[in-house]
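Structure first, commentary second.
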Amino acid sequence: RRTRVVVVGAGPAGLTLANVLRAASVDCLVLETESRRFVEQRPRAGFLEEWAVRALEERGLADRLLEHAGVHTECEFRVAGERHRFPYTEVSGQRHYVYPQPVLVTDLVREYADVRGGEIRFGVRDVDAEGIDTDRPSVTYTDPSTGGRVRVACDFVAGCDGARGVSQGWMPAAHTTVARHDFGVGWLALLAEAPPSSDCVVFGIHPRGFAGHMARSPQVTRYYLECPPDDDPGNWPDGRVWSELRTRLSADGARPLTEGPLIEKRVLNMHNYVVEPMSYGRLHLAGDAAHLLAPIGAKGMNLAIHDALLLADALVAHAGKGDGSGLAGYSEACLRRVWQYQEFSQWLAEVYHGTSSGDPFRAGVALARLRRTLASPAAAAGFAELFLGKDTDF
Ligand code: FAD
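Residues in the sequence shown are numbered consecutively from 12, following full-length UniProt numbering.
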C-alpha cells in the first residue's frame with residue numbers, strides 16, 4: 012500500500028503531526044507499538060506552556076484542554092525552611108496549563124482517529140524503514156492480527172517514537188551527532204492519589220536532595236525525590252517517601268502534605284541528548300526521538316509539540332505547493348529552541364542539585380543563582396522567559 016507520510020509513534024509529537032496532516036488532507040498512517048488503551052493511560056508530563064496551548068488551539072486541537080486544564084501563574088521555591096513565591100505570569104505575561112499527558116494523548120487520538128477519520132495501527136511490531144535516502148522510502152511492520160509483514164511505500168517518514176524508539180537508529184552515524192549530558196543523579200518519580208498540597212508547583216532545594224511537587228489533577232499529584240542514579244524503587248517504601256518529602260519540602264507556613272496511595276514509583280536517570288541534524292533524506296525526527304530533556308524544566312512535551320507543528324506545516328507546504336523550504340530548514344528551526352531549553356535545563360538542574368552535591372562550591376553557586384533569580388528583576392525576567400518559553404527561538 013501507499014501513503015504520503017508514515018508517522019512512527021503515537022505520542023504527543025506523532026499525534027499532533029498526524030492531526031494537522033489529516034486536517035490539510037495530506038494522507039498519512041500512524042504506527043504505534045502499544046495499544047490505544049496503553050497510550051491513553053501512560054502517565055508522564057503535565058505542564059503545557061501557553062504558546063503551545065495557543066498553537067494547538069489554532070489547529071482546533073485544544074477544545075477540551077481549554078475547558079478542563081488548570082492554569083498556573085506562580086511557582087514556589089522552598090529553601091532553608093523558607094517559602095519564596097515566584098510570580099512568573101506577572102513577570103512574563105505567560106501562563107502554564109496543567110493538563111496530564113495521557114488526557115492530551117486521549118484527546119489527540121480521538122480527534123485524529125474518531126473525528127478526522129485518520130488511520131492508526133496499534134500494537135505493530137518490528138517497525139523498520141528502507142530507502143530514506145531515496146525519494147521512494149518505505150516502512151515495514153508486523154501486523155498484530157495476521158502476524159504478516161506489511162510494507163507501506165511513502166514520500167516521508169516522521170520518526171516520533173520517543174526516546175526508546177527505532178527511528179533515531181535509522182539516521183546514518185556518519186551524518187549524525189548525538190550530544191549527551193548526564194546529570195549524575197536519579198529522580199524517584201511518584202504519582203500520589205492525593206490532591207495537590209499547594210496551589211502551585213513547589214521546588215524544594217535541600218541538602219538531602221531536591222524534592223518537587225506538581226499538580227496533575229484535583230485527585231492526583233506528581234512528586235519527585237532526588238536519589239542515586241539506578242536506585243531501586245524497592246528502596247523507597249511509602250513511609251520513607253512521605254517522610255523524605257515532608258523533610259525536603261518543609262517550610263514555615265507551608266500546608267502539610269496531603270498523603271495518599273502512591274500509584275507510580277520509578278527511578279529516572281537524569282540525562283539529556285540532542286540528535287543533530289534531526290533530518291536525513293526523507294526521514295525527519297520529532298520530539299523525544301530527536302532530543303531528550305530530563306523532566307527538570309517540564310519541557311519535553313512542549314518541545315514535542317513545537318517540532319510536530321513545524322514538521323506538519325513543512326509537509327503540508329511540500330504536498331500542496333511543492334515548497335520544500337520548510338523541510339530543508341526544519342531541523343535548524345527546531346534545534347534553536349531545543350538548545351535554549353537544554354541550556355535552561357542545565358542551569359536549573361544546578362539550582363536543584365547543587366546544594367545536595369556534597370561540594371560546597373556547587374552549593375554556593377546554586378544558592379547564588381536562586382537568590383539572584385528571586386531578587387533581581389532582570390534575572391527574574393530571564394528565568395521566566397525560558398520557563399514559559401514563548402519567544403525562545405534564539
Ligand atoms: P513519546 O510520548 O515517548 O511517544 C512515542 C510513542 O512511540 C509512544 O507511544 C511509544 O509507545 C511509541 N513507540 C516506541 N517505539 C516505537 C516503535 N518502534 N514503533 C512505533 N511506535 C513506537 N514534559 C513536559 O513538557 N512537561 C512535564 O511536566 C513533563 N514531565 C515528565 C515526567 C516524566 C516522569 C517523564 C518520563 C517525562 C516528562 N516529560 C515532561 C517529558 C514528556 O513526557 C516527553 O517529552 C513526551 O512524551 C515526548 O513526546 P513524544 O511524542 O516525542 O514521545
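Heads up, the beta-carbon is just placed ideally off N, CA and C, and yes, glycines get one too.
Residue i (DSSP reduced to helix, strand or coil)
i, result
"methionine 289", "coil"
"isoleucine 316", "helix"
"tyrosine 352", "helix"
"valine 19", "strand"
"alanine 24", "helix"
"aspartate 271", "Per the sequence shown, the amino acid found at residue 271 is glycine instead of aspartate. Reduced to three states, the DSSP call for glycine 271 is coil."
"histidine 217", "coil"
"tryptophan 198", "strand"
"serine 149", "strand"
"phenylalanine 167", "strand"
"threonine 232", "strand"
"tyrosine 123", "helix"
"phenylalanine 405", "coil"
"valine 37", "coil"
"phenylalanine 133", "coil"
"glutamate 85", "coil"
"lysine 276", "strand"
"cysteine 238", "strand"
"glycine 337", "helix"
"alanine 73", "coil"
"aspartate 144", "coil"
"glutamate 78", "helix"
"valine 189", "strand"
"glutamate 204", "coil"
"aspartate 370", "coil"
Residue i CB to nearest heavy atom of the ligand NAP below 8 Å
i, result
"leucine 304", "Absent from the structure shown: the ligand NAP. Ligands present: the ligand FAD."
Spatial distance of residue i from residue j (CA atoms)
i, j, result
"alanine 34", "valine 19", "18 Å"
"serine 103", "glycine 220", "29 Å"
"glycine 25", "glutamate 43", "9 Å"
"histidine 295", "proline 218", "43 Å"
"alanine 325", "alanine 164", "20 Å"
"leucine 256", "leucine 236", "7 Å"
"residue 406", "isoleucine 131", "Since the first and last residues shown for the chain are 12 and 405, residue 406 lies out of range."
"phenylalanine 49", "alanine 185", "36 Å"
"alanine 91", "proline 371", "15 Å"
"glutamate 60", "glycine 159", "42 Å"
"arginine 47", "phenylalanine 133", "6 Å"
"leucine 77", "arginine 227", "15 Å"
"glutamate 287", "glutamine 353", "14 Å"
"valine 213", "tyrosine 234", "9 Å"
"residue 406", "aspartate 318", "Only positions 12 to 405 of the chain appear in this structure, which leaves residue 406 out of reach."
"residue 7", "tyrosine 363", "This structure leaves residue 7 out entirely; the chain is present only between 12 and 405."
"cysteine 171", "valine 41", "10 Å"
"alanine 265", "glycine 129", "48 Å"
"arginine 259", "tyrosine 99", "23 Å"
"valine 252", "leucine 202", "11 Å"
"aspartate 38", "aspartate 404", "30 Å"
"serine 254", "proline 248", "10 Å"
With 16 other Cβ atoms within 10 Å as the buried cut-off, status of residue i
i, result
"isoleucine 316", "buried"
"phenylalanine 88", "buried"
"alanine 63", "buried"
"glutamate 396", "buried"
"alanine 222", "buried"
"phenylalanine 355", "buried"
"phenylalanine 398", "buried"
"alanine 379", "exposed"
"glycine 245", "exposed"
"proline 23", "buried"
"glycine 71", "exposed"
"glutamine 230", "exposed"
"residue 408", "Nothing can be reported for residue 408, as the shown portion of the chain is limited to 12 through 405."
"serine 149", "buried"
"threonine 232", "buried"
"phenylalanine 394", "buried"
"threonine 188", "exposed"
"glycine 375", "exposed"
Contact belief for residue i with residue j at Cβ below 8 Å, rounded distance in angstroms
i, j, result
"valine 168", "arginine 293", "6 Å"
"threonine 366", "isoleucine 216", "6 Å"
"glutamine 357", "histidine 192", "7 Å"
"leucine 381", "glycine 308", "About 15 Å; that fails the 8 Å criterion."
"valine 285", "alanine 190", "5 Å"
"tyrosine 291", "leucine 321", "Tyrosine 291 to leucine 321, Cβ: 17 Å. No contact."
"arginine 127", "asparagine 30", "7 Å"
"serine 263", "glutamate 93", "The sequence given here places aspartate at residue 263; serine does not occur at that position. Aspartate 263 to glutamate 93, Cβ: 6 Å. Contact."
Touching or not, the region 291 to 301 and the region 167 to 179, by the rule of three or more beta carbon pairs under 8 Å?
-> yes
Using 8 Å as the threshold, is the region 326 to 333 in touch with the region 203 to 214, meaning 3 or more CB pairs across them?
-> no
Validate contact between the region 77 to 91 and the region 132 to 151 using beta carbons, cut 8 Å, 3 pairs = no
Taking three-plus beta-carbon pairs below 8 Å as touching, is the region 48 to 57 in contact with the region 338 to 352?
-> no
Quick one: any contact between the region 185 to 199 and the region 267 to 285, if contact means 3 or more CB pairs under 8 Å?
-> yes
How do the region 146 to 164 and the region 63 to 74 stand: do at least 3 beta-carbon pairs fall below 8 Å, yes or no?
-> no
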